[in-house]
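The working numbering numbers the first residue of the sequence shown as 359 and each following residue consecutively.
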Amino acid sequence: MNAEIKKGLYGVVVDETRVSKVMPETNSLTYRGYPVQELCTKASFLEVAHLLLKKELPNENELASFSELEKSQRQISPDLMKIIDLIPQHSHPMDMVRTAISYLALEQTNLEDRSEQNYVSQAISLLAKVPTIIAYLIRKKRNQPLLEPSSSLDFNENFFNMCFAKVPSSTILKAFDVSLILYAEHSFNASTFTARVITSSLSDFYGAVCGGISSLKGPLHGGANEAVMKMLLDINGLENADDWVNKRLEEKKVIMGFGHRVYKSGDSRVPTMKKYYIDVAKELEQEEWVEISNRVEEIILKKKNIHPNLDFPAGPAYYLMGFDIDFFTPLFVMSRITGWAAHIIEQNSDNRLIRPLSHYNGELQREVKEITQR
Numbered sequence: 359m360n361a362e363i364k365k366g367l368y369g370v371v372v373d374e375t376r377v378s379k380v381m382p383e384t385n386s387l388t389y390r391g392y393p394v395q396e397l398c399t400k401a402s403f404l405e406v407a408h409l410l411l412k413k414e415l416p417n418e419n420e421l422a423s424f425s426e427l428e429k430s431q432r433q434i435s436p437d438l439m440k441i442i443d444l445i446p447q448h449s450h451p452m453d454m455v456r457t458a459i460s461y462l463a464l465e466q467t468n469l470e471d472r473s474e475q476n477y478v479s480q481a482i483s484l485l486a487k488v489p490t491i492i493a494y495l496i497r498k499k500r501n502q503p504l505l506e507p508s509s510s511l512d513f514n515e516n517f518f519n520m521c522f523a524k525v526p527s528s529t530i531l532k533a534f535d536v537s538l539i540l541y542a543e544h545s546f547n548a549s550t551f552t553a554r555v556i557t558s559s560l561s562d563f564y565g566a567v568c569g570g571i572s573s574l575k576g577p578l579h580g581g582a583n584e585a586v587m588k589m590l591l592d593i594n595g596l597e598n599a600d601d602w603v604n605k606r607l608e609e610k611k612v613i614m615g616f617g618h619r620v621y622k623s624g625d626s627r628v629p630t631m632k633k634y635y636i637d638v639a640k641e642l643e644q645e646e647w648v649e650i651s652n653r654v655e656e657i658i659l660k661k662k663n664i665h666p667n668l669d670f671p672a673g674p675a676y677y678l679m680g681f682d683i684d685f686f687t688p689l690f691v692m693s694r695i696t697g698w699a700a701h702i703i704e705q706n707s708d709n710r711l712i713r714p715l716s717h718y719n720g721e722l723q724r725e726v727k728e729i730t731q732r
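Written out as structure tokens, the structure reads:
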């Protein structure tokens, strides 16, 4: 009798977690018990990072200490900048970020220290340095010199200043902060599970993060936000939306930014991100992108009864903020570092090697013959 095979591990519960809970029945998502939509209105991304890494929201003193620690580690080494300079310019930014983090691992002297304290320290270091790496890559692509991180600016202000040599309006900063909160964690998604599998073999923290990045790069995971913006640009105007979507559906081609393995009645994060996407579009007087998005959403919902996921509003929001499309997923990495770290720490605390079975359906056992007899 053949074993029941769950392709993609669909419906399989492989472990327990206290980090987050996706509740499809109520269309809700919580981080350590807190509804993510409340975190978006009442907390900053840095506070959420503290929650994920240290299990509780910080008080005023704890937040100040956490913020200062992050600010103190934003610099990257001259050697790492040389490595980044050697990366071929045609490379995807996700590959560049993964390579940079691999080099950061080589700069460590305590990779074999698997204590929770060390993992939290390494997570904070990456939280601080990954924005600097991404900003350096953005400016390098634009043939602009690196702008040093500033310890006088907060997390988001510093990142925008390193990227664009200016701090944007409070509307854009808030929308960006909300996107980071919403992208920070999402239970046993593909990249998080990848990180936990790597951790289960007792590999190091950086190796698990690099595995997560490789998984997140895929268009069926994090890379969907890039595909969404490319789609909106290809539609090129509200008047073209119906024909574009209908033709795509007739050809049975995938429309990125829709559907979710867990949510069946709509991604709980979408309404919050959509609100801030609209705010940014209004401020920049580019509401035509929202109009196109809304029309695409209406058609897909009517014809296929499929709801958008977080990537659908996040992609165009990042585009309006001034980021190049191929850097959307690295922005996801900036945020998801915190969720990955929380799961790496949790996996390590009660570890068992993750090693599933497979059902073999290949050739039956056969005799190896001499070459002359074949």
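C-beta atoms are modelled at their ideal positions from N, C-alpha and C, and glycine is treated no differently.
Anticipated Cβ contact below 8 Å, residue i with residue j, distance rounded
i	j	result
residue 379	residue 545	7 Å
residue 459	residue 688	With a Cβ gap of about 11 Å, residue 459 and residue 688 do not count as contacting.
Burial state of residue i, where buried means 16 or more other Cβ atoms lie within 10 Å
i	result
residue 723	exposed
residue 359	Bear in mind that a pLDDT of 46 at residue 359, under 50, signals an unreliable position, so the model cannot answer this.
residue 408	buried
residue 389	buried
residue 523	exposed
residue 361	exposed
residue 726	exposed
residue 428	buried
residue 580	buried
residue 369	exposed
residue 376	exposed
residue 717	exposed
residue 404	buried
residue 487	buried
For residue j and residue i, the rounded distance between their alpha carbons
i	j	result
residue 712	residue 525	44 Å
residue 648	residue 537	17 Å
residue 606	residue 705	42 Å
residue 629	residue 467	44 Å
residue 411	residue 442	28 Å
residue 631	residue 474	32 Å
residue 674	residue 654	13 Å
residue 639	residue 707	44 Å
residue 587	residue 416	36 Å
residue 560	residue 454	25 Å
residue 451	residue 682	10 Å
residue 430	residue 509	7 Å
residue 352	residue 434	Residue numbering for the chain in the displayed model covers 359 to 732; residue 352 lies beyond these limits and cannot be assessed.
residue 765	residue 387	In the structure as shown, the chain starts at 359 and stops at 732, and residue 765 therefore has no counterpart that could be examined.
residue 730	residue 721	22 Å
residue 480	residue 582	28 Å
residue 669	residue 477	29 Å
residue 591	residue 549	28 Å
Residue(s) in a DSSP beta bridge with residue i
i	result
residue 303	The chain is shown from 359 up to 732; residue 303 falls before or after that span and cannot be answered.
residue 393	388
residue 439	None, per the DSSP bridge assignment.
residue 380	387
CA nearest to the CA of residue i, picked from the options
i	options	result
residue 608	668, 657, 400 and 586	657
residue 515	531, 505, 500 and 506	531
residue 439	381, 506 and 485	506
residue 568	430, 463, 396 and 444	463
residue 697	729, 611, 553 and 717	553
residue 485	716, 694, 494 and 730	694
residue 456	541, 573 and 672	573
residue 659	576, 616, 701 and 676	616
residue 518	728, 679 and 690	679
residue 665	677, 625, 584 and 699	625
residue 448	699, 594, 684 and 703	684
residue 672	585, 613 and 602	585
residue 391	384, 700 and 413	413
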